[in-house]
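Trainee: As you go down the protein sequences, you meet chains A and B in turn.
Each residue of the first sequence is one higher than the one before, counting from 331 in this note's numbering.
Each residue of the second sequence is one higher than the one before, counting from 331 in this note's numbering.
Quick reminder that beta carbons are idealized off the backbone N, C-alpha and C, glycines included.
One structure is given below, represented as structure tokens, and several questions about it will come after.
2 protein chains.
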Amino acid sequence: MSISADILRGHTDTIILAQLMAGDSYGYEINKNISQRAGGAYGFKEATLYTAFKRLEQNGMIASYWGDDGPGARRRYYAITEAGMRQLAADRQEWSETKKVLDALILTKEG
Amino acid sequence: MSISADILRGHTDTIILAQLMAGDSYGYEINKNISQRAGGAYGFKEATLYTAFKRLEQNGMIASYWGDDGPGARRRYYAITEAGMRQLAADRQEWSETKKVLDALILTKEG
DNA sequence: AAAATATACCTTGACAGGCGAGGTAGCTCG
DNA sequence: CGAGCTACCTCGCCTGTCAAGGTATATTTT
Numbered sequence: 331m332s333i334s335a336d337i338l339r340g341h342t343d344t345i346i347l348a349q350l351m352a353g354d355s356y357g358y359e360i361n362k363n364i365s366q367r368a369g370g371a372y373g374f375k376e377a378t379l380y381t382a383f384k385r386l387e388q389n390g391m392i393a394s395y396w397g398d399d400g401p402g403a404r405r406r407y408y409a410i411t412e413a414g415m416r417q418l419a420a421d422r423q424e425w426s427e428t429k430k431v432l433d434a435l436i437l438t439k440e441g
Numbered sequence: 331m332s333i334s335a336d337i338l339r340g341h342t343d344t345i346i347l348a349q350l351m352a353g354d355s356y357g358y359e360i361n362k363n364i365s366q367r368a369g370g371a372y373g374f375k376e377a378t379l380y381t382a383f384k385r386l387e388q389n390g391m392i393a394s395y396w397g398d399d400g401p402g403a404r405r406r407y408y409a410i411t412e413a414g415m416r417q418l419a420a421d422r423q424e425w426s427e428t429k430k431v432l433d434a435l436i437l438t439k440e441g
């Protein structure tokens, strides 16, 4: 089953931050990792991804630098900042809370 | 902790359908019940609520009728349709799936 | 009786995020 | 040389949220 976009809306930034906790990475790779972890059920569209990077960098959650390495096209690497880590911690907390609330709201027959 | 709107985006319709499984109800009451169940952590804004009713009715998920009863202002009651019930079942399935995927994406340190 | 409060409905316009479509560029393989 | 993969980015549309504003009735308070 694939997951609709609106359901993931609002989690985009969190997912990216979580990925960057595993180490610096670049757009293409980040997206591949996410798709893989999601079991193919979900992946960002490129436009969504780069929009998110821009937003996150503007907000100081991530920082970027050009990689000079390897073959193929140039890569822009991203690193999570201190502020990004704090944000991620808060987002994880919120996700736990959201699960409880939504379970109560959509899974129960009667309250 | 309160939950941000974007996080709930995409669940609005599902939450309303789930509420209507408990029986016909009207906007004001539906919203009160939702806030209550969410422990005050979440409630729809009126504009969001009525926009959702319109959307759901246009899509045949709910049907409405005017209540002639009681004191106070007139109430428009909503009932979930067969199609709405099927949709709700699918949404619940999707929510279960979403929880798994998001747990994998944002709660783990490494894949 | 007037004012405040609660119930109950609805619309408009602005805003933000997702994303289809399109574009650039380098490397590899047949 | 062309196809396909890697890798980046932007523009403009669409959709859902919601602040603000509006209407109307019943109860409670002053």
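(1) Hey, does GLY441 of chain A have any beta-carbon neighbour from chain B nearer than 8 Å?
(2) The alpha helix (DSSP H) with ARG385 of chain A in it runs from where to where?
(3) Taking buried to mean at least 16 other C-beta atoms within 10 Å of its own C-beta, is LEU350 of chain B buried or exposed?
(4) Against chain B, which members of the region 399–420 of chain A pass a CB distance test of less than 7 Å?
(5) Reducing DSSP to helix, strand and coil, say where ALA393 of chain A ends up.
(6) Given this structure, state the Cα-to-Cα distance separating ASP343 of chain B from LEU386 of chain B, to the nearest angstrom.
(7) How should GLY441 of chain A be labelled, buried or exposed, when 16 other C-beta atoms within 10 angstroms of its C-beta is the threshold for buried?
(8) DSSP three-state label for ALA409 of chain B, please.
(9) Since GLY373 of chain A and ILE364 of chain A should fall inside the 8 Å C-beta cutoff, what is the C-beta to C-beta distance between them, to a whole number of angstroms?
(10) Does TYR372 of chain B have its Cβ less than 8 Å from a Cβ in chain A?
(11) For ARG404 of chain A and GLY414 of chain B, what's the separation of their Cα atoms in angstroms?
(12) If you run the structure through DSSP and keep just helix, strand and coil, what is TYR356 of chain A?
(13) Quick one: using the 10 Å Cβ neighbour count with 16 as the cut-off for buried, is THR438 of chain A buried or exposed?
(14) In three-state terms, what does DSSP make of MET351 of chain A?
(15) Hey, is GLU424 of chain B's beta-carbon within less than 8 Å of any beta-carbon in chain A?
(16) Kindly list the residues whose CB is nearer than 7 Å to the CB of GLN417 of chain A, restricted to its own chain and excluding five residues on each side of it in sequence; keep chain order.
(17) Report whether the distance from the Cβ of ARG385 of chain A to the nearest heavy atom of the ligand MN is below 7 Å.
(18) From what residue to what residue does the alpha helix (DSSP H) around LEU338 of chain B run?
(19) Taking Cβ positions only, does SER334 of chain B come closer than 8 Å to chain A?
(20) What three-state label does DSSP hand ALA368 of chain A in the structure shown?
(21) Between the C-alpha atoms of ASP336 of chain A and ASN389 of chain B, what's the straight-line distance to the nearest angstrom?
Mentor: Looking at the atomic coordinates:
(1) As a working note, residue 441 of chain A is residue 111 in the first sequence. Below a pLDDT of 50, predicted positions are generally treated as unreliable, and GLY441 of chain A, at 42, falls in that range; the measurement from the model is reported next regardless. Contact of GLY441 of chain A with chain B is assigned, a C-beta pair being separated by under 8 Å.
(2) Walking along the first sequence from the start, residue 385 of chain A turns up at place 55. Membership of ARG385 of chain A in the alpha helix (DSSP H) is indicated by the continuous run 376–388.
(3) For the purposes of this step, residue 350 of chain B is taken as the residue at position 20 of the second sequence. It counts as buried.
(4) When CB distances to chain B are screened at a threshold of 7 Å, not a single residue of the region 399–420 of chain A falls below it.
(5) On the first sequence, residue 393 of chain A is found 63 positions in, with the first residue counted as 1. Under the three-state reduction of DSSP output, ALA393 of chain A falls in the strand class.
(6) In the second sequence, counting from the first residue as 1, residue 343 of chain B sits at position 13. In the second sequence, counting from the first residue as 1, residue 386 of chain B sits at position 56. Computed Cα separation, rounded: 7 Å.
(7) For the purposes of this step, residue 441 of chain A is identified with residue 111 of the first sequence, where counting begins at 1. Any reading at GLY441 of chain A must be qualified, since the residue scores a pLDDT of 42, below 50, and its modelled position is unreliable; the value itself is stated next. It is exposed - the Cβ of GLY441 of chain A has fewer than 16 other Cβ atoms within 10 Å.
(8) Residue numbering aside, residue 409 of chain B sits at position 79 when the second sequence is read from its first letter. Taken through DSSP and simplified to helix, strand or coil, ALA409 of chain B comes out as strand.
(9) As a working mapping, residue 373 of chain A is identified with position 43 in the first sequence. As a working mapping, residue 364 of chain A is identified with position 34 in the first sequence. With 8 Å as the limit, GLY373 of chain A and ILE364 of chain A qualify as a contact, their Cβ atoms being about 6 Å apart.
(10) Sequence index remark: in the second sequence, residue 372 of chain B carries index 42 (1-based). It does: the Cβ of TYR372 of chain B has a partner Cβ on chain A nearer than 8 Å.
(11) Indexing the first sequence from 1 puts residue 404 of chain A at position 74. Indexing the second sequence from 1 puts residue 414 of chain B at position 84. In this structure, the CA atom of ARG404 of chain A is about 49 Å from the CA atom of GLY414 of chain B.
(12) Indexing the first sequence from 1 puts residue 356 of chain A at position 26. In the three-state scheme derived from DSSP, where H, G and I count as helix and E and B as strand, TYR356 of chain A is classed as strand.
(13) The sequence position of residue 438 of chain A within the first sequence is 108, counting from 1. Exposed, by the Cβ-count rule.
(14) The sequence position of residue 351 of chain A within the first sequence is 21, counting from 1. In the structure shown, MET351 of chain A falls within a coil segment according to DSSP collapsed to helix, strand and coil.
(15) Here residue 424 of chain B is taken as the residue at index 94 of the second sequence, counted from 1. For GLU424 of chain B, the nearest CB of chain A lies under 8 Å from its own CB, placing it at the interface with that chain.
(16) Walking along the first sequence from the start, residue 417 of chain A turns up at place 87. Cβ within range, chain order: LEU347, MET391.
(17) Among the components modelled here there is no ligand, and therefore nothing to report on the ligand MN.
(18) Taking the second sequence and counting its residues from 1, one reaches residue 338 of chain B at position 8. 335–338 is the extent of the alpha helix (DSSP H) around LEU338 of chain B.
(19) Taking the first residue of the second sequence as 1, we reach residue 334 of chain B at position 4. Yes, its Cβ sits closer than 8 Å to a Cβ of chain A.
(20) The residue you call residue 368 of chain A lines up with position 38 of the first sequence. Coil.
(21) Here the question's residue 336 of chain A lines up with position 6 in the first sequence. Here the question's residue 389 of chain B lines up with position 59 in the second sequence. Taking the CA atoms as reference points, ASP336 of chain A sits about 17 Å from ASN389 of chain B.
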